[in-house]
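Let me begin by presenting the structure, written as structure tokens, before commenting on it.
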Amino acid sequence: MFGDMLRDLRIRAMLTQEELAALSGVSERQIREIESGRVPVPRAGTVRMLAGALNLSPDDRAAFQLAAQGDAGRPPAPEQLPADVDGFTGRAEALRALDAATSAVVAVSGPAGVGKTSLAVHWSHLAAPRFPDGRLYVDLRGFSRHDAMEPAEVVRGFLDALGVPLDRVPSGLTAQVALYRSHTAGRALLVVLDNARDAEQVLPLLPAGPAARTIVTSRRRLTALVAETGATALTLDVPDLPEAVELLGRRLGPGTTRTRRGDAVAAIAAACGRLPLALALVGARAQLTGFPPDAIATELRNPRGRIAALEIDVVFSWSYDALSRDAARLFRLLGLVAGADIALASAAALAGRALPEVRRTLAELTDASMVVEHAPGRYRMHDLLHAYAAERVRAEESEAARQEALTRLLDHYTHTAYHAELVLNPVRAPIPMALGAPVDGAEPKPVLDLAAAVRWLKAEYAVLLTTLRQAEDEGMHRHAWQLSWALDTFLNDERRWHDEGAAWAVALRAATAMTDRPAAAHAHRFLSAVHGRLDRFEEAHAHMREALRLSLAAGDRAGEAENRFVLSYVYWLQGDGEHALDQAGRSLSLFTEIDDPYWAGKAALAVGWYLSELGSLQDALPYHLQALELQRRAGDRPNELVTIDTLGLLHQRLGDPMSAIPLFRRGLLLAGPTDHPALRAQLLGHLGDASEAVGDPETAREHWREAYEIFRDLGHPHAADLRRKLQA
Numbered sequence: 001m002f003g004d005m006l007r008d009l010r011i012r013a014m015l016t017q018e019e020l021a022a023l024s025g026v027s028e029r030q031i032r033e034i035e036s037g038r039v040p041v042p043r044a045g046t047v048r049m050l051a052g053a054l055n056l057s058p059d060d061r062a063a064f065q066l067a068a069q070g071d072a073g074r075p076p077a078p079e080q081l082p083a084d085v086d087g088f089t090g091r092a093e094a095l096r097a098l099d100a101a102t103s104a105v106v107a108v109s110g111p112a113g114v115g116k117t118s119l120a121v122h123w124s125h126l127a128a129p130r131f132p133d134g135r136l137y138v139d140l141r142g143f144s145r146h147d148a149m150e151p152a153e154v155v156r157g158f159l160d161a162l163g164v165p166l167d168r169v170p171s172g173l174t175a176q177v178a179l180y181r182s183h184t185a186g187r188a189l190l191v192v193l194d195n196a197r198d199a200e201q202v203l204p205l206l207p208a209g210p211a212a213r214t215i216v217t218s219r220r221r222l223t224a225l226v227a228e229t230g231a232t233a234l235t236l237d238v239p240d241l242p243e244a245v246e247l248l249g250r251r252l253g254p255g256t257t258r259t260r261r262g263d264a265v266a267a268i269a270a271a272c273g274r275l276p277l278a279l280a281l282v283g284a285r286a287q288l289t290g291f292p293p294d295a296i297a298t299e300l301r302n303p304r305g306r307i308a309a310l311e312i313d314v315v316f317s318w319s320y321d322a323l324s325r326d327a328a329r330l331f332r333l334l335g336l337v338a339g340a341d342i343a344l345a346s347a348a349a350l351a352g353r354a355l356p357e358v359r360r361t362l363a364e365l366t367d368a369s370m371v372v373e374h375a376p377g378r379y380r381m382h383d384l385l386h387a388y389a390a391e392r393v394r395a396e397e398s399e400a401a402r403q404e405a406l407t408r409l410l411d412h413y414t415h416t417a418y419h420a421e422l423v424l425n426p427v428r429a430p431i432p433m434a435l436g437a438p439v440d441g442a443e444p445k446p447v448l449d450l451a452a453a454v455r456w457l458k459a460e461y462a463v464l465l466t467t468l469r470q471a472e473d474e475g476m477h478r479h480a481w482q483l484s485w486a487l488d489t490f491l492n493d494e495r496r497w498h499d500e501g502a503a504w505a506v507a508l509r510a511a512t513a514m515t516d517r518p519a520a521a522h523a524h525r526f527l528s529a530v531h532g533r534l535d536r537f538e539e540a541h542a543h544m545r546e547a548l549r550l551s552l553a554a555g556d557r558a559g560e561a562e563n564r565f566v567l568s569y570v571y572w573l574q575g576d577g578e579h580a581l582d583q584a585g586r587s588l589s590l591f592t593e594i595d596d597p598y599w600a601g602k603a604a605l606a607v608g609w610y611l612s613e614l615g616s617l618q619d620a621l622p623y624h625l626q627a628l629e630l631q632r633r634a635g636d637r638p639n640e641l642v643t644i645d646t647l648g649l650l651h652q653r654l655g656d657p658m659s660a661i662p663l664f665r666r667g668l669l670l671a672g673p674t675d676h677p678a679l680r681a682q683l684l685g686h687l688g689d690a691s692e693a694v695g696d697p698e699t700a701r702e703h704w705r706e707a708y709e710i711f712r713d714l715g716h717p718h719a720a721d722l723r724r725k726l727q728a
């Protein structure tokens with residue numbers, strides 16, 4: 001409740017209601033009514049005055065203003081839990097322990113395949129009504145074949161799920177965690193942190209407030225987490241024999257646990273070491289082959305069939321041998337995949353088969369418990385199964401076949417990401433290392449509009465980061481460089497600057513391995529920009545010096561000009577507008593000398609923009625006009641639209657909104673009704689502002705509403721700004 005938050009913040013600031021009233025200009029009576037709950041949703045102006053008087057940090061202010069909006073300002077409760085486990089059996093004691101736990105954190109530990117995730121997910125579904133403010137879930141991949149998830153990556157995902165606008169998320173982990181805890185304070189929220197590596201990975205992800213509960217699963221005991229947080233520790237062992245028999249019996253069908261067959265089922269469960277994963281696979285094999293329990297039990301009497309965790313490959317081989325030829329091939333090819341999971345379209349590229357065929361094949365693997373469809377159209381397998389698949393692919397596929405499958409998969413990812421990048425950032429300069437056509441069978445996924453591009457990138461970006469590192473490890477350096485380039489705009493827009501830097505570091509190593517100086521200089525340029533965004537200006541300038549050295553050594557004047565263009569941006573981030581303007585001017589001169597109208601247009605606009613930001617509005621005008629002329633000559637429609645929009649804003653700043661209106665209208669005619677929707681929405685929003693400035697509020701609202709609807713449909717953060725204008 002907002003009143004409780006106000007009272008807590010006032011007490012923390014050591015202020016009485018009377019003192020807060022004097023500082024804020026809000027009456028003492030109003031403050032009493034807010035704190036008592038009689039005014040649950042105060043006016044926005046009142047909230048601003050109270051926030052100013054309390055001298056809140058940016059993160060606390062954001063949480064304060066969000067809480068003041070009440071339920072209307074709060075997005076729907078997040079629901080990220082995987083589907084409940086079908087036919088969950090047993091574990092009554094563990095479920096009671098989870099019900100009875102009073103601590104904010106419960107750490108569930110146990111060996112691989114013992115059912116920790118199934119227990120946590122099943123209990124979470126049962127307990128969901130106790131947590132009306134939502135359920136967050138993440139697989140931390142602490143013991144997976146791919147890189148464990150970093151806390152910063154998880155926190156950003158949680159903030160997104162909690163409805164925090166992207167432009168409100170700070171860049172540093174400490175500030176992100178503070179914002180996350182501000183947004184979870186006071187919420188009855190359940191957080192499931194699955195497959196944790198250690199306490200260090202978990203601690204930044206714990207929500208704040210006594211109403212929240214966190215369930216952590218790990219193969220380790222997480223003693224440090226228990227010691228630091230007072231977490232309840234729950235160790236999960238294999239189920240006892242009756243529970244194991246019941247679990248296996250459910251998979252084998254009704255009646256199998258009675259009479260003589262029941263003895264065979266018990267023998268199988270004992271031979272599998274009562275490990276739930278092994279029991280699931282044996283059950284799947286029996287369903288696929290129709291072998292009776294007696295026959296399976298007889299086969300397991302051999303000492304090699306005494307399946308425990310270390311001998312589980314025997315059970316895997318049963319399930320594998322029962323697969324059809326196509327399913328067995330796809331299963332072993334999945335052993336080549338480095339990502340945490342794989343989408344249907346990507347699996348089709350890996351196999352080089354049509355989508356309907358691969359969908360049927362994956363259904364067979366799912367029925368056999370060899371893969372799990374953990375989300376619609378997305379599949380993953382247990383780490384032990386992945387290790388077994390990797391053994392099978394090395395044993396049964398030639399090196400050439402493995403290379404062809406990986407090339408198809410990487411072509412699929414790289415070409416799809418590239419086309420998504422062009423949709424996401426139509427004003428970006430062309431990729432300097434051309435992709436060429438994808439190999440047969442790669443089948444890039446069509447990305448038709450901005451919303452589709454963002455959806456695909458959000459679903460795949462963690463897989464793509466892992467994949468580009470795999471490309472580097474496999475010596476597929478061209479793919480590594482191109483995929484890094486294709487991810488840049490998305491990672492920057494999402495403020496995932498550490499990931500952006502990691503991707504360009506891979507690209508730099510790839511370019512170095514290929515002895516491609518222009519590609520290496522390009523990577524240094526982008527690393528310079530990333531370090532600038534992270535306020536690491538010493539590293540930013542070091543990368544730019546190296547980029548300039550490589551361009552000069554190669555006699556690459558276009559590269560030198562682009563270096564100076566990016567260097568102007570770094571100086572601007574550093575707060576040095578004069579040096580930014582100087583470097584942009586030198587870049588413009590170089591691009592003019594080599595007669596490159598595309599880049600000269602971008603540089604002219606940069607000079608004009610820096611001049612306007614430095615207050616030289618009249619001096620900025622001719623550079624905007626020069627940029628327009630160059631962009632028309634280059635046929636660069638997206639950047640021409642940006643320049644028209646910026647020129648209109650410049651006229652508004654000069655106090656001449658009447659001159660801005662025809663510019664915005666001209667831009668809308670050039671943009672068309674379907675091309676470049678984000679640029680069209682931006683022009684509409686600014687046309688609304690100009691209409692309001694000339695005293696036409698009705699027209700302004702029409703343009704704002706149209707812009708809002710476009711941004712809303714695109715899932716663009718600017719939609720929130722326009723919604724506030726319409727509400728005001």
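Numbering (the UniProt record's numbering), first residue to last: 1 to 728. Backbone N, C-alpha and C define an ideal beta-carbon position, used for all residues, glycine too.
By the Cβ-count criterion, Arg325 is exposed, with fewer than 16 other Cβ atoms from all chains shown falling within 10 Å of its own Cβ. C-alpha of Ala199 to C-alpha of Arg525: approximately 37 Å in a straight line. Counting only the Cα atoms, Ala707 lies some 15 Å from Ile661.
If you ignore the 5 residues before and after Glu33, its C-beta comes within less than 8 Å of the C-beta of Val39, all in its own chain and listed in chain order. Glu692 places its beta carbon 8 Å or farther from that of Ala681. Taking every protein chain shown into account, the CB of Glu357 has fewer than 16 other CB atoms within 10 angstroms, so this residue is exposed. Sixteen is the threshold: when 16 or more other Cβ atoms of the shown chains lie within 10 Å of the Cβ of Gly688, as they do, the residue is buried. Under the rule that a run must span 3 or more residues, the beta strand (DSSP E) segments found entirely inside the region 61-127 read 105-109. Straight through space, the alpha carbons of Gln727 and Val694 are spaced by roughly 20 Å. By the criterion of a C-beta distance shorter than 8 Å, Ser27 is surrounded in its chain by Ala21, once the five residues flanking it on both sides are discounted.
Bridge pairing for Ser218: Ser109 [DSSP].
With a cut-off of 8 Å on Cβ pairs, the region 470-481 is not in contact with the region 437-450, counting fewer than three such pairs. Per the DSSP secondary-structure output, Val191 pairs in a beta bridge with Leu136, Thr214.
Going by beta carbons, Asp341 and His382 fall outside the 8 Å limit. Less than 8 Å divides the Cβ of Val202 from the Cβ of Leu225. The Cβ neighbour count for Glu399, taken over all protein chains shown within 10 Å, is under 16; the residue is labelled exposed.
Taking 8 Å as the cut-off, the Cβ atoms of Gln482 and Met514 do not count as close. Residue state for Leu236 is assigned as coil, using DSSP reduced to three classes.
Using a 10 angstroms sphere on the CB of Ser568, the tally of other CB atoms reaches 16 or more, which defines it as buried. The C-alpha of Ala420 lies about 8 Å from the C-alpha of Leu457. Rounded to whole angstroms, the Cβ separation of Pro276 and Val114 is 6 Å, and the two are in contact under 8 Å.
In the three-state scheme derived from DSSP, where H, G and I count as helix and E and B as strand, Ala51 is classed as helix. In the displayed model, Val371 falls within coil according to three-state DSSP, outside both helix and strand. The C-alpha of Leu534 is placed about 34 Å away from the C-alpha of Arg380.
It is roughly 17 Å from the alpha-carbon of Val642 to the alpha-carbon of Ala584. For the pair Ala351 and Asp493, the Cα-to-Cα distance works out to about 33 Å. Of the candidates Ala603, Arg633, Ala561, Arg632, the residue whose Cα lies closest to the Cα of Tyr623 is Ala603.
Rounded to the nearest whole angstrom, the CA to CA distance from Leu647 to Leu621 is 7 Å.
Comparing alpha-carbon positions, the option among Ala53, Leu336, Phe2 lying closest to Glu18 turns out to be Ala53. Leu179 is positioned such that its CB atom lies no closer than 8 Å to that of Asp133. As summarised for the region 437-504, the continuous alpha helix (DSSP H) elements at least 4 residues long and confined to that stretch are 450-473, 477-493, given in chain order.
In the DSSP assignment, the residues bridged to Ala343 are Arg378. Secondary structure at Thr407: helix, using DSSP grouped into helix, strand and coil. Approximately 6 Å separates the beta-carbon atoms of Val530 and Trp497; this is inside 8 Å, confirming the contact. Taking a 10 Å sphere around the C-beta of Pro210, we find fewer than 16 other C-beta atoms and assign the residue as exposed. Beyond the five residues adjoining it in sequence on each side, Arg250 comes within less than 7 Å, by CB distance, of Gly87, Thr89 in the same chain, given in chain order.
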